[in-house]
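Down below is the structure, laid out as structure tokens.
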Amino acid sequence: MPKKIISFTIDNNLFLKWKNYVKLNFINSSQLIEKLMENHLENEAKK
Numbered sequence: 000m001p002k003k004i005i006s007f008t009i010d011n012n013l014f015l016k017w018k019n020y021v022k023l024n025f026i027n028s029s030q031l032i033e034k035l036m037e038n039h040l041e042n043e044a045k046k
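Straight run, no breaks: the sequence shown in numbering that gives the first Met the number 0 ends on number 46.
Structural data, given as structure tokens:
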């Protein structure tokens, strides 16, 4: 099956805004694990 390749150009400012938006509003798996560990340690410290 042939592959289709899409190519486009994006304004650098728009790209940087998108990157910041994603960083603020989304979380990747390693960040999720880190957050869960921090919450667990905080809860253990409160006991």
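Glycine is no exception: its CB is placed at the ideal position from the N, C-alpha and C atoms.
In this text, all values refer to a predicted model and were calculated from it rather than measured experimentally.
In this model, N27 and L40 are separated by some 20 Å (Cα to Cα). The alpha-carbon separation between K34 and L15 amounts to approximately 25 Å. As the crow flies, the alpha-carbon of K46 is around 13 Å from that of N38.
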